[in-house]
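Each number in my numbering comes from the position in the sequence shown (counting from 1) with 1082 added on.
All C-beta atoms, glycine included, are put in the ideal place defined by N, C-alpha and C.
In this text the structure is predicted, and so the values were computed from the model without any measurement.
Each remark here refers to the structure printed beneath this line.
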Amino acid sequence: SIHQSLAALSKVIRGTQLLTPDVQKLATALLNQECPVTWQNKWEGPEEPMQYLRAVVTRALAIQEQEVCVPEGTQGAGFVSTDCHSGSLSKTLSPRMLPGRRTMAAHCSPIRDGLNAEDKFRCNSWVERASRQALLSDILDLSELFHPDTFLNALRQETARSIGCSMDSLVFLSSWRSPVAQAKIQVKVGGLQLEGCRFDGVHLSENQHDSPSVSAVPACYMAWAPQSSAADSTDSEESIWLPLYTSSERVKLVTHISLPCGANPNQWIQAGAALFLKQQ
1083 SIHQSLAALS KVIRGTQLLT PDVQKLATAL LNQECPVTWQ NKWEGPEEPM
1133 QYLRAVVTRA LAIQEQEVCV PEGTQGAGFV STDCHSGSLS KTLSPRMLPG
1183 RRTMAAHCSP IRDGLNAEDK FRCNSWVERA SRQALLSDIL DLSELFHPDT
1233 FLNALRQETA RSIGCSMDSL VFLSSWRSPV AQAKIQVKVG GLQLEGCRFD
1283 GVHLSENQHD SPSVSAVPAC YMAWAPQSSA ADSTDSEESI WLPLYTSSER
1333 VKLVTHISLP CGANPNQWIQ AGAALFLKQQ
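Take a look at the structure:
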């Protein structure tokens, strides 16, 4: 894990452990202000080591502190699932979603002291939501997850299970003005950012000379629904599906989200419009 690699480096520096090729590679990467490849293999994050560690700790705390609020024996492939009939809330963490989470859970406390008030509130807010079984009713910030695309896929699995259909028959839907009427399970996602144009929740508009390059957008409802019902409810308003990336580098794609755009969708493609998760 990340902690084990840093612990090994610390022992070499103190002279209590012999230098190994792995520790040497780790030290060389850190001296060059590069994120070690072994870390990136666990989770693709920022290239700068300190930014990477901060991102890992913030997410680890947000996930780890939820574990005490969730009953054992849950099943599923994602972070959160909801039983639509009983309203019970359950969560399952996959080992690959939280790199080295067992070690991280034991050693995050000292690092947490260095987090700012906003980060600490973010961690506590997940605990509070889980305790009142409101993770799927409150506004979620997908940037707190290691693999937000896996979370959306878990939502797809739970939707298919609740309505008794195959996952392949479901299509992804999004709505900015109101909840998705055809969805049995949905989430409301906030903290999204838009580059290349502006969006006020109603329509896209061009950036002005004094507009920021990246702007915040309203919260968006996301859900999965059967293809037949989704086709019957297609909005007549012209829209465009913009990509949602994990960061402004536009490397890792999460999903595509529909936004009302008017009569000329090519305009926004030429402007390079894209959505991102909030940067930690």
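query: Candidates Pro1308, Leu1286, Glu1320, of which the one nearest Gln1264 by Cα; result: Pro1308
query: For Thr1102, the three-state DSSP class (helix, strand or coil); result: coil
query: Start and end residues, alpha helix (DSSP H) containing Ala1353; result: Unbroken run through Ala1353: none, as it is neither H nor E.
query: Three CB pairs or more closer than 8 Å across the segment 1285-1295 and the segment 1240-1254; result: no
query: Through-space distance from Val1299 to Trp1125, alpha-carbon basis; result: 27 Å
query: Beta-carbon gap between Ala1355 and Cys1279 smaller than 8 Å; result: yes
query: C-alpha gap between Ser1311 and Ser1248, whole angstroms; result: 14 Å
query: One or two residues paired with Phe1254 in a DSSP bridge; result: Trp1306
query: Nearest-angstrom Cβ-Cβ length linking Gln1275 and Leu1224, presumed shorter than 8 Å; result: The Cβ separation is near 12 Å, so there is no contact.
query: Rounded straight-line distance, which links the Cα of Asn1114 to that of Ser1092; result: 17 Å
query: His1085 - containing beta strand (DSSP E), residue span; result: Where His1085 is concerned, there is no enclosing beta strand (DSSP E), although the alpha helix (DSSP H) it sits in stretches over 1084-1096.
query: Delimiting residues of the beta strand (DSSP E) encompassing Ala1298; result: 1296-1298
query: Span separating the alpha-carbon of Asp1231 from that of Ser1330; result: 16 Å
query: Whole-number beta carbon distance between Pro1342 and Val1284, since they are thought to touch under 8 Å; result: 7 Å
query: Nearest-angstrom Cβ-Cβ length linking Leu1326 and Thr1337, presumed shorter than 8 Å; result: 5 Å
query: Length of the line joining the Cα atoms of Leu1252 and Arg1238; result: 8 Å
query: Assigned exposure category for Ser1257 - 16 Cβ within 10 Å defines buried; result: buried
query: C-alpha distance - Ser1340 paired with Val1333, whole-angstrom precision; result: 20 Å
query: Sub-8 Å separation of Gly1127 and Val1119 beta-carbons; result: no
query: Extent of the continuous beta strand (DSSP E) run through Ile1368; result: In the structure as shown, the chain starts at 1083 and stops at 1362, and residue 1368 therefore has no counterpart that could be examined.
query: Environment of Thr1140 [buried if 16+ CB atoms lie within 10 Å]; result: buried
query: CB of Leu1227 within 8 Å of CB of Val1269, strictly; result: no
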